[in-house]
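Single-structure report; data block below.
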Amino acid sequence: KSVSVVPGNTLRMLRPCVLRGLWKRRLAGRCISSSASSTWSEWATWAGWRQEEGPPQRILRLTGPVKLYKEAASEEVLQDLTSGELLIGVGEEALQVGSDVANGWLFVRRPTEESVEIMSDKPLEYQDGWIHLPDAPVEMAEHQLGDRLAGRVDVPDHPVTNVLKALPFCRGQELPDWIPGSVCELHTGKVGGVLKGGRFLLQRPSGAVPERLMLESSMLLTRKDRRRNTAIAAALGLVFATVVGASIHLREWLRGQTQLGRKTWPQLLVWLLYAPVLVTPATALPLLRSCQLTRQHFLCSCCDQLAFLL
Numbered sequence: 225k226s227v228s229v230v231p232g233n234t235l236r237m238l239r240p241c242v243l244r245g246l247w248k249r250r251l252a253g254r255c256i257s258s259s260a261s262s263t264w265s266e267w268a269t270w271a272g273w274r275q276e277e278g279p280p281q282r283i284l285r286l287t288g289p290v291k292l293y294k295e296a297a298s299e300e301v302l303q304d305l306t307s308g309e310l311l312i313g314v315g316e317e318a319l320q321v322g323s324d325v326a327n328g329w330l331f332v333r334r335p336t337e338e339s340v341e342i343m344s345d346k347p348l349e350y351q352d353g354w355i356h357l358p359d360a361p362v363e364m365a366e367h368q369l370g371d372r373l374a375g376r377v378d379v380p381d382h383p384v385t386n387v388l389k390a391l392p393f394c395r396g397q398e399l400p401d402w403i404p405g406s407v408c409e410l411h412t413g414k415v416g417g418v419l420k421g422g423r424f425l426l427q428r429p430s431g432a433v434p435e436r437l438m439l440e441s442s443m444l445l446t447r448k449d450r451r452r453n454t455a456i457a458a459a460l461g462l463v464f465a466t467v468v469g470a471s472i473h474l475r476e477w478l479r480g481q482t483q484l485g486r487k488t489w490p491q492l493l494v495w496l497l498y499a500p501v502l503v504t505p506a507t508a509l510p511l512l513r514s515c516q517l518t519r520q521h522f523l524c525s526c527c528d529q530l531a532f533l534l
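In the numbering used here, the protein residues as written are 225 to 534.
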C-alpha cells in the first residue's frame with residue numbers, strides 16, 4: 225500500500241484553516257446556547273405571566289360575625305356570616321387583610337356547598353358579595369390556594385384503637401389525638417377551594433382514591449409537620465426496639481445462657497448494626513422525601529427488626 229505523506233509546509237498552511245473552522249464552530253455553539261437561553265427566558269416570563277393572570281386570591285377566615293353585601297357601598301345584605309367561616313378574597317385589597325392599611329370594600333366569594341363528590345373534579349360553587357373591611361373581623365387563613373398538604377383521615381375501626389378502647393381506664397373515654405393520628409391514613413394533594421363550615425377542599429390527582437377530601441384545618445399537615453412527626457416516630461420506634469432487644473439479651477446473659485442460639489452478644493451487635501445503619505435509613509429516607517410515611521410504618525419496621533433479632 226502507498227502511504228501519502230503531507231509535507232510540513234502544507235501542515236503549516238492548513239493550521240489557520242483548521243483553527244478558523246474550530247473558531248466558527250465555537251461561535252455557532254455560543255449563538256445556539258444564547259438563543260436557547262433567550263428562548264428559555266422568554267418562556268419563563270410567559271409562564272410567570274400565565275401564573276399571575278387574573279387578580280390575586282386569598283383564603284380568609286372570619287373571626288366574628290360579618291355581613292355580606294350584594295354591592296359595594298350598598299345596604300342590601302345577602303347573608304349574615306358566622307365566625308369560623310372561610311371566604312376567598314379577590315383583588316389587591318385581599319393582600320392587605322390583617323394589616324393596618326386594610327380599608328374599604330373587599331370582593332369575596334362565599335362557598336355554597338357543604339359536601340362534594342369524592343370522585344369528581346367539578347368546580348365548586350360560590351356566591352359573590354362584598355364585605356366592609358373596617359367592620360369585618362377577618363384574618364388570613366392557615367392555608368392558601370395551591371398549597372401542597374397532607375390530609376389526615378382517621379380510621380373508624382382499627383385493631384389498635386379497638387384494643388385501647390376496651391381497656392378499663394379508656395372505656396367510655398375518647399383516646400388522645402396522637403393515638404388515632406398514629407394509625408390514620410394520609411393523602412397528599414393541593415388546596416382547591418373552601419366549603420361551608422370552615423373546611424378546605426383537598427384536590428388530589430385524577431384517578432386517585434379518593435380524588436377530593438373535605439377537611440378542617442386541624443386535619444391538614446404541612447410537609448414540615450409530617451417530617452417532624454416522622455422523625456420523632458422513627459427515633460421512638462428505634463429506641464423502643466433497641467431497649468426490648470437489649471433487655472431480652474440481658475435476661476439470657478444473667479441466666480448464663482449465652483453460649484448458643486440467637487441470644488449471644490454477636491447476634492445483638494449484628495442486629496444493632498443491621499437495624500439503625502441498614503434498615504432504617506434505607507426504608508425511611510426515600511419514603512420521607514416523598515412524604516408517604518407515617519408512624520405505624522416505623523413501628524412495623526421495628527417489629528420486623530425484633531423478629532429478626534428473636
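We put the beta carbon where it would ideally sit given N, CA and C, even for glycine.
Identify the continuous beta strand (DSSP E) that holds residue i and give its terminal residues.
| i | result |
| --- | --- |
| glutamine 351 | 350-356 |
State buried or exposed for residue i, treating a residue as buried only when at least 16 other CB atoms are found within 10 Å of its CB.
| i | result |
| --- | --- |
| glutamate 440 | exposed |
| tryptophan 489 | exposed |
| threonine 336 | exposed |
| phenylalanine 393 | exposed |
| methionine 443 | buried |
| isoleucine 256 | With a pLDDT of only 39 at isoleucine 256, under 50, the local geometry of the prediction cannot be trusted, and the value read off the model is given with reservation. By the 10 Å Cβ count, isoleucine 256 comes out exposed. |
| glutamate 338 | exposed |
| valine 332 | buried |
Helix, strand or coil: how does DSSP classify residue i here?
| i | result |
| --- | --- |
| alanine 374 | strand |
| isoleucine 283 | strand |
| proline 335 | strand |
| glutamate 440 | coil |
| glutamine 414 | With the sequence shown as reference, residue 414 is identified as lysine, and glutamine is not the correct amino acid for it. DSSP places lysine 414 in strand when its eight states are reduced to three. |
Could you tell me the distance, in whole angstroms, from the CA atom of residue i to the CA atom of residue j?
| i | j | result |
| --- | --- | --- |
| proline 429 | aspartate 345 | 9 Å |
| leucine 426 | isoleucine 312 | 15 Å |
| valine 384 | leucine 492 | 29 Å |
| leucine 305 | glutamate 317 | 20 Å |
| serine 323 | arginine 447 | 27 Å |
| cysteine 408 | serine 471 | 31 Å |
| glutamate 300 | valine 340 | 30 Å |
| glutamate 398 | serine 307 | 27 Å |
| proline 289 | glutamate 435 | 33 Å |
| proline 361 | leucine 319 | 15 Å |
| glutamine 368 | valine 467 | 43 Å |
Taking the CB atoms as reference points, tell me whether residue i and residue j lie closer together than 8 Å.
| i | j | result |
| --- | --- | --- |
| leucine 357 | asparagine 327 | yes |
| leucine 391 | isoleucine 403 | no |
| glycine 370 | valine 415 | yes |
Would you kindly report the start and end of the unbroken alpha helix (DSSP H) that includes residue i?
| i | result |
| --- | --- |
| phenylalanine 464 | 447-479 |
| glutamate 317 | 316-319 |
| valine 387 | 383-390 |
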